[in-house]
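Engineer: Handing you a structure now.
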Amino acid sequence: MFEPLPAFIRLRRIQRNLTQDRLARLAGVSRQQLAMLEEGKNVSLAFLLKVAKALEVTELPVAGLSLRAAPVDLVRTVHAADVVARLRQSAQQWATAAGELEEVSASLDALIDAARAAGVSGRDIVRAAQHLESLPASEAHAAGEALRSAARSEPVAPAARSKPVAAAAARRQRR
Amino acid sequence: MSDDRVNNLTDLERWLRGTRAEAERVLADLLDLPGPDLQRELSRRPELRAGAIQLLLPLLAEGRAIQPQRVCELTAVLVAGTLGPVPSALAPAAVSLHGKAWTEHAAALSALGRYTEAFEAIDAALELFRREPQVPSQIADAEVVQAEILHALGRRTEALRTIRRATPVLLQHGEAQRYAEARMAESWMLWDAGNRAAATEVLKTVSDEAEVRGDRMLLAHMSNKIGVVELRRGNIGSAVNFFDTALNTFTEAELTRETAFVHRNYAEAFLARKNEVRALFEYYAMRDDLLADGDLTGAACASVEIVDLLFLLGQHSELLGFGTNLVAPFVRANMPPNALRPWTYLIERANAGELTRDDIADVRTYFQELPLRPKAVFVAEAER
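Which chain is which? The protein sequence lines are F and U, in order.
Residue numbering for the first sequence follows this note's numbering, starting at 593 and increasing by one per position.
Residue numbering for the second sequence follows this note's numbering, starting at 17 and increasing by one per position.
In structure tokens form, the structure reads like this:
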């Protein structure tokens with residue numbers, strides 16, 4: 593519920609010369625809960641409607657709107673207004689989040705660009721070398737092959753991925 | 017510089033250019049000859065040998081990993097005879113070319129596992145280099161090959177001594193990539209011998225050297241190499257971080273060939289993560305860099321991977337449109353008609369809805385082998 597509602601309930605109660613205790617009894621709710629409503633704390637929709645009915649109001653300020661309706665429609669109206677209010681609040685939160693996301697994305701892009709520009713350093717090579725040294729024996733052979741592969745000046749033409757050259761030649765022979 | 021020296025350099029340039037121009041004219045015909053006929057032709061016209069070596073050396077080094085047998089056959093022919101009539105003042109240059117051919121021959125034999133013959137070949141290269149004063153980095157290159165052969169022959173102490181003699185020379189001559197490769201080879205030799213602490217110490221030392229010297233290029237090459245190690249070990253995130261560093265430095269230095277290699281490594285990393293779409297972008301970048309570098313067949317190899325990934329991703333509409341996207345750059349770059357036919361073959365197959373990965377594999381094989389067979393006919397098409 594929103595800020596004007598507690599003041600509105602309190603004002604209507606005083607206008608009708610009712611104490612919190614008396615209104616609570618008329619509405620069939622506890623005085624503590626009524627006090628909570630007037631203090632602006634969250635209460636249930638059913639509770640609010642009980643109080644509104646006891647105060648004989650057909651108008652409630654909800655979500656910045658002054659809702660007027662016949663008592664029979666007030667429940668549905670207030671409920672719809674409540675849903676709209678919550679969705680509006682969510683939308684505001686999303687809008688804020690979207691703004692933050694945009695801001696963070698921009699700074700992340702800048703950070704990535706800076707990181708790429710800075711690149712790895714000699715220290716990263718040293719770290720990679722240290723990691724190689726600490727590999728378990730089971731991975732030593734593969735690491736050795738990786739070192740050997742990197743030592744070679746590799747050709748531009750990549751090795752065939754889909755099939756070996758020899759297989760292509762054999763197929764041609766079969767044709 | 018003395019007048020004699022200037023004259024010698026001018027003569028050298030003229031000789032190298034002259035022999036190269038003639039060889040360039042006939043190289044496609046020469047490469048279509050079977051080994052014995054090529055040998056006979058070069059014996060008949062020994063003046064072509066120097067030019068052929070100049071033209072073939074870069075192709076041989078790259079082709080070795082994929083076609084070691086072919087490289088071995090060609091280098092055997094190149095080293096089999098003399099370089100023809102060479103003015104005495106140009107003898108060191110002739111020896112240099114011959115020595116490089118012997119080095120490549122040794123490396124090809126080594127790639128084939130024929131280590132005893134490889135050792136004799138590298139010995140011949142070093143013997144030639146000792147005969148005439150040479151650029152020290154060439155000798156160092158030969159010594160790196162020699163060290164790897166010695167290691168394979170089980171002569172590990174000699175291997176380490178040899179490679180440790182070679183690496184400072186490479187560093188001194190600013191050969192960052194070859195230095196990084198040689199130190200990685202040293203590290204692998206130690207690792208293979210079971211000395212893991214010493215192996216990783218080599219890597220740490222190189223990175224310290226790069227930092228102390230402020231040598232960003234060496235750091236970039238080492239980062240690329242360590243990235244490959246991480247990639248092979250399945251540490252994809254770490255690999256990509258290392259590739260980022262390499263790519264930044266190579267891009268700043270406008271080294272399009274090096275950036276192409278890094279894009280290829282990225283592509284492999286993304287494929288390992290099953291991210292074919294990102295891999296596709298990397299292959300496009302690789303192709304563009306190789307086109308900028310003037311390497312048409314390398315760019316064609318990257319394009320084959322693009323076609324393969326488009327096919328795997330079910331992007332058939334893009335495949336049908338790849339006439340403009342993929343072939344046009346090669347047409348603009350004046351790729352020879354024989355090398356354009358595989359593309360039209362793929363387009364025809366795609367248009368007919370009959371394109372298969374076998375077709376793509378045929379085209380891949382064709383382009384992988386093309387540099388050492390410039391007039392090669394596209395076999396899949398020829399058989400239809």
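Where is the CB? At the ideal position from N, CA and C, for every residue including glycine.
#1: Does the count of Cβ pairs from the segment 632-645 of chain F and the segment 616-624 of chain F closer than 8 Å reach three?
#2: Using beta-carbon positions only, say whether U/A198 and U/T183 come within less than 8 Å of one another.
#3: So what does DSSP say about U/P353, is it helix, strand or coil?
#4: For a minimum of 4 consecutive residues, which ranges assigned as the alpha helix (DSSP H) are wholly contained in the segment 46-92 of chain U?
#5: Could you give the DSSP three-state label for U/V393: helix, strand or coil?
#6: Measure the C-alpha to C-alpha separation of U/M233 and U/N240 and round it to an integer number of angstroms.
#7: Can you grab the Cα-Cα spacing for the pair U/A377 / U/P358, in whole Å?
#8: So, does the CB of F/A702 fall closer than 8 Å to a CB anywhere in chain U?
#9: Determine whether the Cβ of U/R86 lies closer than 8 Å to any Cβ atom of chain F.
#10: Name, please, each residue of chain F whose Cβ falls closer than 7 Å to the Cβ of U/L235.
#11: In three-state terms, what does DSSP make of U/R171?
#12: Using only the alpha-carbon positions, how far apart do U/Q162 and U/V151 sit?
#13: Under a three-way DSSP split, which group does U/R380 fall into?
#14: For chain F, is any of its Cβ atoms less than 8 Å away from the one on U/I138?
#15: Is there a C-beta anywhere in chain U that falls below 8 Å from the one on F/S730?
#16: Please confirm if U/E197 has its CB atom under 8 Å from at least one CB of chain F.
#17: Step through the CB atoms of chain F and report whether any lies within less than 8 Å of the CB of U/M413.
#18: In whole angstroms, give me the CA-to-CA distance for U/E246 and F/L693.
#19: Counting only C-beta atoms, is U/V245 closer than 8 Å to chain F at any point?
#20: Listing by chain order, which chain F residues have their CB less than 7 Å from the CB of U/M238?
#21: Assuming contact is defined by CB atoms lying nearer than 8 Å, are F/E725 and U/R212 in contact in what I supplied?
#22: Taking the alpha carbon of U/F277 as the reference point, which residue from U/E298, U/F286, U/F394, U/T132 has its own alpha carbon closest?
#23: Rounding to the nearest angstrom, what Cα-Cα distance links F/S754 and U/L328 in this structure?
#24: Between F/S697 and chain U, is the shortest Cβ-Cβ distance under 8 Å, so that the two count as touching?
#25: Does the Cβ-Cβ distance between U/F346 and U/A316 come in under 8 Å?
#26: Measure the C-alpha to C-alpha separation of U/A209 and U/L128 and round it to an integer number of angstroms.
#27: Of all the CB atoms in chain U, is at least one closer than 8 Å to the CB of F/A599?
#28: Check whether the segment 677-692 of chain F touches the segment 628-639 of chain F, taking contact to mean three or more Cβ pairs, one atom from each stretch, closer than 8 Å.
#29: If you draw a straight line from the alpha carbon of F/A752 to that of U/F266, how long is it in whole angstroms?
#30: If I measure Cβ to Cβ from U/I82 and keep anything under 7 Å in the same chain, skipping five residues before and after, which residues do I get?
#31: Any beta carbon of chain F sitting closer than 8 Å to that of U/E14?
#32: Is the beta carbon of U/T98 less than 8 Å from the beta carbon of U/P62?
#33: With a threshold of 7 Å on Cβ separation, who are the neighbours of U/M238 within its own chain once the five nearest residues in sequence on each side are excluded?
#34: Would you grab the beta carbon distance between F/A721 and U/K220 for me? Rounded to a whole angstrom, and I think it's under 8 Å.
Structural biologist: Working from what's here:
#1: In short, these stretches touch, since the Cβ pair count reaches three.
#2: Along the second sequence, one-based indexing puts residue 198 of chain U at 182. Along the second sequence, one-based indexing puts residue 183 of chain U at 167. Less than 8 Å divides the Cβ of U/A198 from the Cβ of U/T183.
#3: What you label residue 353 of chain U is simply residue 337 of the second sequence in a count that begins at 1. U/P353 carries a helical assignment under DSSP once its states are collapsed to helix, strand and coil.
#4: If we require 4 residues or more, the alpha helix (DSSP H) runs fully inside the segment 46-92 of chain U come out as 51-60, 63-79.
#5: Looking up residue 393 of chain U in the second sequence gives position 377. Three-state DSSP puts U/V393 in coil, outside helix and strand.
#6: Walking along the second sequence from the start, residue 233 of chain U turns up at place 217. Walking along the second sequence from the start, residue 240 of chain U turns up at place 224. So the alpha carbons of these two residues sit roughly 11 Å apart.
#7: Here residue 377 of chain U refers to the residue found at position 361 when the second sequence is read from its first residue. Here residue 358 of chain U refers to the residue found at position 342 when the second sequence is read from its first residue. C-alpha separation (whole angstroms): 11 Å.
#8: Start at 1 with the first residue of the first sequence, and residue 702 of chain F comes out as number 110. Contact with chain U is absent for F/A702, since none of that chain's Cβ atoms lies less than 8 Å from the residue's Cβ.
#9: Mapped onto the second sequence, residue 86 of chain U falls at position 70. With 8 Å as the cut-off, U/R86 does not count as an interface residue toward chain F.
#10: If you number the second sequence from 1, residue 235 of chain U lands on position 219. Those are G714, listed as they occur along chain F.
#11: Counting from one through the second sequence, the residue named residue 171 of chain U turns up at place 155. Residue state, collapsed to three classes: coil.
#12: For this step, residue 162 of chain U is matched to residue 146 along the second sequence. For this step, residue 151 of chain U is matched to residue 135 along the second sequence. Taking C-alpha positions only, U/Q162 is separated from U/V151 by approximately 17 Å.
#13: If you number the second sequence from 1, residue 380 of chain U lands on position 364. Judged by DSSP in its simplified three-state form, U/R380 adopts helix.
#14: Residue numbering aside, residue 138 of chain U sits at position 122 when the second sequence is read from its first letter. U/I138 does not count as touching chain F.
#15: Counting from 1 along the first sequence, the entry for residue 730 of chain F is found at position 138. Taking CB atoms only, F/S730 has no neighbour in chain U less than 8 Å away.
#16: Taking the second sequence and counting its residues from 1, one reaches residue 197 of chain U at position 181. So, interface residue.
#17: This structure gives no information on residue 413 of chain U, because the portion of chain U shown stretches from 17 to 400.
#18: Here residue 246 of chain U is taken as the residue at index 230 of the second sequence, counted from 1. Here residue 693 of chain F is taken as the residue at index 101 of the first sequence, counted from 1. Approximately 33 Å, taken between the alpha carbons.
#19: The residue you call residue 245 of chain U lines up with position 229 of the second sequence. True, the Cβ-Cβ gap to chain F drops below 8 Å.
#20: Counted from its first residue, the second sequence places residue 238 of chain U at position 222. For U/M238, the neighbours in chain F by C-beta distance under 7 Å run, in chain order, I717.
#21: The residue given as residue 725 of chain F occupies position 133 in the first sequence. The residue given as residue 212 of chain U occupies position 196 in the second sequence. For F/E725 and U/R212, yes; Cβs fall inside 8 Å.
#22: Locating residue 277 of chain U in the second sequence gives position 261, counting from the first residue. Taking each of U/E298, U/F286, U/F394, U/T132 in turn and checking the Cα distance to U/F277, the smallest one comes out for U/E298.
#23: Counting from 1 along the first sequence, the entry for residue 754 of chain F is found at position 162. Counting from 1 along the second sequence, the entry for residue 328 of chain U is found at position 312. Because the pLDDT at F/S754 is just 37, under 50, the model does not fix this residue reliably, and the value given afterwards should be weighed accordingly. Whole-angstrom Cα-Cα distance: 10 Å.
#24: In the first sequence, the residue the question calls residue 697 of chain F occupies position 105. Residue contact with chain U for F/S697: absent (no Cβ-Cβ distance below 8 Å to any residue of chain U).
#25: Counting from one through the second sequence, the residue named residue 346 of chain U turns up at place 330. Counting from one through the second sequence, the residue named residue 316 of chain U turns up at place 300. Remark: C-beta atoms of U/F346 and U/A316 approach each other more closely than 8 Å.
#26: One-based indexing of the second sequence puts residue 209 of chain U at position 193. One-based indexing of the second sequence puts residue 128 of chain U at position 112. Going from the Cα of U/A209 to the Cα of U/L128 covers about 22 Å.
#27: Translated into positions along the first sequence, residue 599 of chain F becomes position 7. The beta-carbon of F/A599 is placed no less than 8 Å from the nearest beta-carbon of chain U.
#28: The count of Cβ pairs closer than 8 Å, one atom from the segment 677-692 of chain F and one from the segment 628-639 of chain F, stays below three, leaving the stretches out of contact.
#29: Reading the first sequence from its first residue, position 160 is the one you call residue 752 of chain F. Reading the second sequence from its first residue, position 250 is the one you call residue 266 of chain U. For F/A752, the pLDDT reaches just 39, beneath the cut-off of 50, and the residue's location in the model is therefore unreliable, leaving the point undetermined.
#30: What you label residue 82 of chain U is simply residue 66 of the second sequence in a count that begins at 1. Contacts found: Q384.
#31: There is simply no residue 14 of chain U to check, as chain U begins at 17 and stops at 400 in what is shown.
#32: Locating residue 98 of chain U in the second sequence gives position 82, counting from the first residue. Locating residue 62 of chain U in the second sequence gives position 46, counting from the first residue. Yes; because the gap between Cβ atoms is below 8 Å, this pair is in contact.
#33: The residue given as residue 238 of chain U occupies position 222 in the second sequence. Cβ within range, chain order: A196, V222, S223, A226.
#34: Taking the first sequence and counting its residues from 1, the one referred to as residue 721 of chain F is at position 129. Taking the second sequence and counting its residues from 1, the one referred to as residue 220 of chain U is at position 204. Indeed they touch by this definition, with Cβ atoms about 5 Å apart.
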